[in-house]
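**Q** For the protein sequence lines, the chains are A and B, in the order given.
The opening residue of the first sequence carries number 23 in the working numbering; numbering runs sequentially from there.
The opening residue of the second sequence carries number 23 in the working numbering; numbering runs sequentially from there.
Ideal Cβ placement from N, Cα and C applies to all residues, glycine included.
Number of protein chains: 2
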Amino acid sequence: MRYKLLANGNRPIMAYLIPGDLCDVHVSLLAQMDHSIATLSPCRIAYIPRERIDAIMNDHPRLARALWWATLVDEAILREWLVNHAHRPADQRLAHLLCEILLRSKAVGLTDDDSFELPITQDELGDTMGLSTVHVNRTIQHLRATGLITSQGRRVVVDDLERLMEFCGFNPNYLHQQSEAARRR
Amino acid sequence: MRYKLLANGNRPIMAYLIPGDLCDVHVSLLAQMDHSIATLSPCRIAYIPRERIDAIMNDHPRLARALWWATLVDEAILREWLVNHAHRPADQRLAHLLCEILLRSKAVGLTDDDSFELPITQDELGDTMGLSTVHVNRTIQHLRATGLITSQGRRVVVDDLERLMEFCGFNPNYLHQQSEAARRR
DNA sequence: CGTGCCGTTGAGCGTTGTCAACCAGTGTGG
DNA sequence: CCACACTGGTTGACAACGCTCAACGGCACG
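(1) Is there at least one Cβ from chain B nearer than 9 Å to Q200(A)'s Cβ?
(2) Kindly list the residues whose CB is nearer than 6 Å to the CB of H57(B), restricted to its own chain and excluding five residues on each side of it in sequence; keep chain order.
(3) If you drop the 5 nearest sequence neighbours on each side, which residues of the same chain put their C-beta closer than 7 Å to that of S63(A)?
(4) CB-CB under 6 Å to V95(B), same chain, minus the five flanking residues each way: which ones, in chain order?
(5) Where does G152(A) land, buried or exposed, given buried means 16+ other C-beta within 10 angstroms?
(6) Measure the Cβ-Cβ separation of T161(A) and D113(A) and say whether it is below 9 Å.
(7) Excluding sequence positions up to five away, which residues of its chain have a Cβ less than 6 Å from the Cβ of I99(A)?
(8) May I ask you to list, following chain order, the residues of the stretch 25-50 of chain B that have a beta carbon less than 8 Å from some beta carbon of chain A?
(9) Does N106(A) pass the burial test, meaning 16 or more other C-beta atoms within 10 Å, or should it be called exposed?
(10) Can you list, in chain order, the residues of its chain with a C-beta nearer than 7 Å to that of F189(B)? Leave out the 5 residues immediately preceding and following it.
(11) The alpha helix (DSSP H) with V95(A) in it runs from where to where?
(12) Could you name the residues that DSSP lists as bridge partners for S173(B)?
(13) If we count the other Cβ atoms within 10 Å of its Cβ and call it buried at 16 or more, is I208(A) buried or exposed?
(14) When burial is assigned at 16 or more other CB atoms within 10 Å of the CB, is E184(A) buried or exposed?
(15) If you check the beta carbons only, do P83(B) and P83(A) fall under 9 Å apart?
(16) Closest by CA to D76(A), which one among D76(B), L85(B) and I75(B)?
(17) Rounded to whole angstroms, how far is the Cβ of L28(A) from the Cβ of G191(B), which I believe are closer than 8 Å?
(18) Going by C-alpha to C-alpha distance, which of W91(B), E122(B) and L147(B) sits closest to E246(B)?
(19) Can you list the residues of chain A that H107(B) reaches, using a CB-CB cut of under 8 Å?
(20) Determine the closest residue to C65(B) out of G175(B), L120(B) and Y38(B), with distance taken between C-alpha atoms.
(21) Among residues of its own chain, excluding the 5 on either side of N159(A), which ones have a beta-carbon nearer than 7 Å to its beta-carbon?
(22) Which residues, in chain order, does the stretch 67-83 of chain A contribute to contact with chain B at a C-beta distance below 7 Å?
(23) Exposed or buried, what is P34(B) when buried is set at 16 or more other beta-carbons lying within 10 Å of its beta-carbon?
(24) The alpha helix (DSSP H) with I162(A) in it runs from where to where?
(25) Between which residues of its own chain and G42(A) is the CB-CB distance below 7 Å, once the five residues before and five after are set aside?
(26) Just to confirm, are F138(B) and L124(B) a CB contact at a threshold of 9 Å?
(27) With DSSP as the reference, label S127(B) as helix, strand or coil.
(28) Would you give the residue range spanned by the alpha helix (DSSP H) that S50(A) belongs to?
(29) Out of Y196(B), N195(B), M36(B) and L186(B), point me to the one whose CA is closest to H109(A)'s CA.
(30) Taking 9 Å as the CB-CB limit, is H118(B) close to chain A?
(31) Could you check where the beta strand (DSSP E) with F138(A) kicks off and where it finishes?
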């Protein structure tokens with residue numbers, strides 16, 4: 023995850039990185055890091071030396087383009103989070119976050135029939151959505167009561183993805199998950 | 023500004039573009055636009071054809087790098103907005119937004135001794151920060167009463183920037199406004 | 001002199017936060 | 001094997017922040 027530490031004791035979480043995501047191109051381009059990165063579960067991490075990125079920029083314009091593309095997708099996700107945090111009530115906010123995690127996990131083959139492992143505590147969900155732990159808990163119960171999700175321990179099951187997306191106004195286009203062919207038109 | 027239109031009638035504003043900002047590199051890289059762009063005041067806009075961007079990517083790695091850099095700064099700003107929207111109360115949220123607009127305007131020479139024109143209605147500020155117009159109004163009055171800002175019509179005057187930044191916990195590092203020399207280290 | 005936009009104010013309500021406590025599961029050391 | 005501590009989830013009561021609804025005033029524009 024990406025996070026910051028605030029003077030008031032809050033620890034806002036600003037992004038979840040799932041397997042396959044680039045996490046740190048910033049380091050080679052920006053002079054200083056403006057946030058921190060931490061793991062929420064055991065991770066395997068590939069290290070790409072700065073010189074390698076430089077070399078790609080110089081000699082491989084198509085790869086450079088792809089890297090830039092990845093940054094633009096991250097940006098799109100951030101914009102959607104912004105919308106989600108500031109303009110939707112807690113229940114839709116949580117539902118929206120779950121939809122995104124489900125679709126992104128699915129894209130890398132980490133789901134099992136619209137159910138997935140969520141290695142995130144309710145406290146961390148609160149830090150992500152700007153809600154208190156208590157309210158996150160009640161919101162989860164609300165979604166369960168409405169039949170929108172089922173959860174056993176860390177496993178979240180979405181029985182009817184269409185309905186969940188409908189509930190929170192989820193439009194997946196911001197994830198830009200089309201095939202490369204479609205992307206180049 | 024960048025904005026979206028939601029089914030529930032909201033119109034979240036996700037970014038303000040000030041003179042000199044790139045507004046639309048997305049078009050040449052992402053297959054579809056996931057948000058809209060509109061002007062809040064009269065603007066002069068430079069159009070860069072898609073082929074020109076392609077050419078830069080292929081033949082001018084240093085320019086390509088600079089474009090990518092600009093994207094990363096946009097991303098950093100989005101992250102900070104995310105923090106601001108989800109983790110600060112209304113008064114600090116507004117103060118933080120004003121600090122950012124002031125610093126970004128100052129960087130392009132649009133300020134006059136820590137005062138600047140803000141061509142944004144209270145309604146639009148509400149759409150930006152996820153607050154109702156009424157509450158934005160009361161928040162502005164609160165900042166005025168505390169002596170943190172003065173405003174005459176569209177003009178906002180910050181008498182004591184240090185104090186305003188202190189009030190909202192503003193850390194300007196996310197704007198990455200160092201000189202190019204510092205940036206390359 | 002109307003019309004419309006923007007800012008302002010008041011009253012009442014609802015969502016969410018805080019505080020405090022309790023419970024279940026898990027790992028640890030005696 | 002059993003206390004013990006610790007983490008994460010759950011619940012209740014109450015307060016606060018921010019929203020909605022409704023109305024009004026100033027100002028620009030035609």
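**A** Let me lay it out:
(1) For this step, residue 200(A) is matched to residue 178 along the first sequence. Yes, because at least one Cβ of chain B sits closer than 9 Å to the Cβ of Q200(A).
(2) Within the second sequence, the letter at position 35 stands for residue 57(B). The answer, listed in chain order, is R24 and K26.
(3) Stepping through the first sequence from its first residue, residue 63(A) is reached at position 41. Hits under 7 Å: P141.
(4) Counting from 1 along the second sequence, the entry for residue 95(B) is found at position 73. Hits under 6 Å: H198.
(5) Taking the first sequence and counting its residues from 1, the one referred to as residue 152(A) is at position 130. Buried is the call here.
(6) The count along the first sequence starts at 1 and reaches residue 161(A) at position 139. The count along the first sequence starts at 1 and reaches residue 113(A) at position 91. A contact, by the Cβ cut-off of 9 Å.
(7) For the purposes of this step, residue 99(A) is taken as the residue at position 77 of the first sequence. For I99(A), where only same-chain residues beyond five positions count, there are no Cβ hits under 6 Å.
(8) K26, L28, A29, N30, N32, P34, M36, A37, V47 and H48
(9) Translated into the one-based positions of the first sequence, residue 106(A) becomes position 84. Per the 10 Å Cβ criterion, buried.
(10) Locating residue 189(B) in the second sequence gives position 167, counting from the first residue. The residues are Q114, A117 and L170.
(11) In the first sequence, the residue the question calls residue 95(A) occupies position 73. Start and end: P83 to H109.
(12) As a position in the second sequence, residue 173(B) is number 151, starting the count at 1. S173(B) pairs with V178(B).
(13) In this structure chain A extends from 23 to 207, so residue 208(A) is not present and cannot be described.
(14) Along the first sequence, read from residue 1 onward, the residue named residue 184(A) stands at position 162. Exposed: under 16 other Cβ atoms inside 10 Å.
(15) For the purposes of this step, residue 83(B) is taken as residue 61 along the second sequence, with counting starting at 1. For the purposes of this step, residue 83(A) is taken as residue 61 along the first sequence, with counting starting at 1. Their beta carbons are under 9 Å apart, which means P83(B) touches P83(A) by this criterion.
(16) Taking the first sequence and counting its residues from 1, one reaches residue 76(A) at position 54. For D76(A), the nearest C-alpha among the options comes from L85(B).
(17) By one-based count along the first sequence, residue 28(A) stands at place 6. By one-based count along the second sequence, residue 191(B) stands at place 169. Confirmed, Cβ separation roughly 6 Å.
(18) In the structure as shown, chain B begins at 23 and stops at 207. Residue 246(B) is therefore absent and cannot be evaluated.
(19) The count along the second sequence starts at 1 and reaches residue 107(B) at position 85. Within 8 Å Cβ-Cβ: L104, H107, A108 and G152.
(20) Taking the second sequence and counting its residues from 1, the one referred to as residue 65(B) is at position 43. Nearest of G175(B), L120(B) and Y38(B) to C65(B), Cα basis: Y38(B).
(21) Numbered from 1 along the first sequence, position 137 holds the residue referred to as residue 159(A). Only Q144 meet the Cβ criterion.
(22) M79, N80 and P83
(23) Looking up residue 34(B) in the second sequence gives position 12. Buried: at least 16 other Cβ atoms inside 10 Å.
(24) Stepping through the first sequence from its first residue, residue 162(A) is reached at position 140. T155 to A167 is the extent of the alpha helix (DSSP H) around I162(A).
(25) Numbered from 1 along the first sequence, position 20 holds the residue referred to as residue 42(A). Closer than 7 Å at Cβ, skipping near neighbours: V130.
(26) Residue numbering aside, residue 138(B) sits at position 116 when the second sequence is read from its first letter. Residue numbering aside, residue 124(B) sits at position 102 when the second sequence is read from its first letter. Closer than 9 Å, so yes.
(27) As a first step, residue 127(B) must be located in the second sequence, where it is residue number 105. Reduced to three states, the DSSP call for S127(B) is helix.
(28) Numbered from its first residue, the first sequence carries residue 50(A) at position 28. Its alpha helix (DSSP H) spans residues H48 to L51.
(29) In the first sequence, residue 109(A) corresponds to position 87, counting from 1. When each option's Cα is compared against that of H109(A), the closest is M36(B).
(30) Along the second sequence, read from residue 1 onward, the residue named residue 118(B) stands at position 96. Output row for H118(B): interface = no.
(31) Numbered from 1 along the first sequence, position 116 holds the residue referred to as residue 138(A). Segment S137 to E139, the beta strand (DSSP E) holding F138(A).
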